[in-house]
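Colleague: To start, I am sharing the structure in question, which I have written as structure tokens.
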Amino acid sequence: MSLGQHLTELRRRFIIGLIALVVGMVLAYLLTDWIIWAMTEPIRMVAEQRGEGSAVSLMYSTITGPFDLRLRISFAVGIILSAPVWLWQLWAFLMPGLTRKEVRYTVGFVSAAVPLFFAGCFVGWWVMPHIVEIMATFSAEGADNLYEAKYYYDFVFKLILVVGVSFVVPVFLVALNLAGIMSGMAILKSWRVAVLIAVGFAGLATPAADIVSMLLLAGILIVLFFAAAGLSMLFDRRRAKRARAELGTSA
24 MSLGQHLTEL
34 RRRFIIGLIA
44 LVVGMVLAYL
54 LTDWIIWAMT
64 EPIRMVAEQR
74 GEGSAVSLMY
84 STITGPFDLR
94 LRISFAVGII
104 LSAPVWLWQL
114 WAFLMPGLTR
124 KEVRYTVGFV
134 SAAVPLFFAG
144 CFVGWWVMPH
154 IVEIMATFSA
164 EGADNLYEAK
174 YYYDFVFKLI
184 LVVGVSFVVP
194 VFLVALNLAG
204 IMSGMAILKS
214 WRVAVLIAVG
224 FAGLATPAAD
234 IVSMLLLAGI
244 LIVLFFAAAG
254 LSMLFDRRRA
264 KRARAELGTS
274 A
């Protein structure tokens, strides 16, 4: 295909993905009431614990705040709902330029990364209420806890996204091994740094007072790291065995 044909194909794929995103946003908008209710459950729990003496609620500081919150949620959830379509469009555009080996690696990478990402998002969603509840305990007696909707949503969304991405990091380590950039032994030797980073990240992602959530998150990340190191070492052993067999055949 010529450059012009490639650009035309890219535009077609982009338009299809954009239409899928818009449809996903419309469907997501219909779910915003349920999403906001689920997202603000920790606030209601804090309000129940604090009793009637103080105000605890979600607040909007601007006139367009309620609509802005629903639009943000619709966009984020719309991306997820339309992911099968726009991911396929991206894959269909890139696949003709990939070798069979690259296609196999890409399929394996996506098959491992997607479930791990959603598992991380689930853990982030599980940890989030504990953070809100524990942070509310530091409020002074008689103080009101009014959570501005925009910042509350950003906190929830970023926490879930960061934890989800952190679960995919081991897959990138395996990808670096398959690309010949890092050996499995090199990955394993960096376990001290990996454990330190995992504990530090878990400490930042969870409140200092919630030790159980911090240890659980750190433990999952450490297990994933060692799994990536072990899998990389297995791949190294297979490649070395194949190289010895080819060397023996050529001899």
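Under the working numbering, think of the first position of the sequence shown as 24, with each following residue one higher. The beta-carbon is built from N, C-alpha and C at its ideal position, and this holds for glycine as well. Keep in mind that this is a model prediction, so the values were computed, not measured.
Between Arg73, Val133, Ala263, Met256, which lies nearest to Glu164 when the distance is taken from Cα to Cα?
Modeller: Arg73
Colleague: Classify Tyr174 as helix, strand or coil using the three-state DSSP reduction.
Modeller: helix
Colleague: What first and last residue would you give for the alpha helix (DSSP H) that runs through Met82?
Modeller: First-last for Met82: 79-82, but that is the beta strand (DSSP E), not the alpha helix (DSSP H).
Colleague: Going by alpha carbons, who is nearest to Tyr170 out of Ser80, Gly253, Phe145?
Modeller: The shortest Cα separation from Tyr170 among Ser80, Gly253, Phe145 belongs to Ser80.
Colleague: Could you compute how far the alpha carbon of Pro138 sits from the alpha carbon of Leu184?
Modeller: 14 Å
Colleague: Could you give the first and the last residue of the continuous alpha helix (DSSP H) run that contains Phe90?
Modeller: 88-104
Colleague: If we ignore side chains and look at the alpha-carbon of each, how far apart do Leu239 and Ile154 end up?
Modeller: 14 Å
Colleague: Residue range of the alpha helix (DSSP H) that Thr122 falls in?
Modeller: First-last for Thr122: undefined, no H or E at that position.
Colleague: Return the chain-ordered list of same chain residues with a C-beta closer than 6 Å to the C-beta of Met256, the five sequence neighbours on each side being excluded.
Modeller: Gly207
Colleague: Using three-state DSSP, classify Leu54 as helix, strand or coil.
Modeller: Coil, per DSSP.
Colleague: How do the segment 52-66 and the segment 89-99 stand: do at least 3 beta-carbon pairs fall below 8 Å, yes or no?
Modeller: yes
Colleague: If you follow the alpha helix (DSSP H) that Gly207 is part of, which residue opens it and which one closes it?
Modeller: Segment 207-212, the alpha helix (DSSP H) holding Gly207.
Colleague: Going by other Cβ atoms of all chains shown within 10 Å of its Cβ, with 16 needed for buried, is Ala250 buried or exposed?
Modeller: exposed
Colleague: Am I right that Gly147 and Leu182 are in contact with their C-beta atoms under 8 Å? What's the rounded C-beta distance?
Modeller: 5 Å
Colleague: Which stretch, first to last residue, makes up the alpha helix (DSSP H) that contains Ile66?
Modeller: 64-73
Colleague: Expressed to the nearest angstrom, what Euclidean distance is found between the alpha-carbon atoms of Ala51 and Val186?
Modeller: Between Ala51 and Val186, the C-alpha separation is close to 22 Å.
Colleague: Tell me whether the beta-carbon of Ile102 lies closer than 8 Å to the beta-carbon of Gly47.
Modeller: yes
Colleague: Could you say which of Phe258, Arg34, Ala70, Leu54 lies nearest to Ser162 if we only look at CA atoms?
Modeller: It is Ala70 whose Cα lies nearest to the Cα of Ser162.
Colleague: Going straight from the alpha carbon of Ala78 to that of Leu211, what length do you get?
Modeller: 51 Å
Colleague: Can you find the residues in the same chain that come closer than 6 Å, C-beta to C-beta, to Ala225, ignoring five residues on each side of it along the sequence?
Modeller: Met237, Leu240, Ala241
Colleague: Can you tell me whether Ala136 is buried or exposed? The criterion is at least 16 other CB atoms within 10 Å of its CB, across all chains shown.
Modeller: buried
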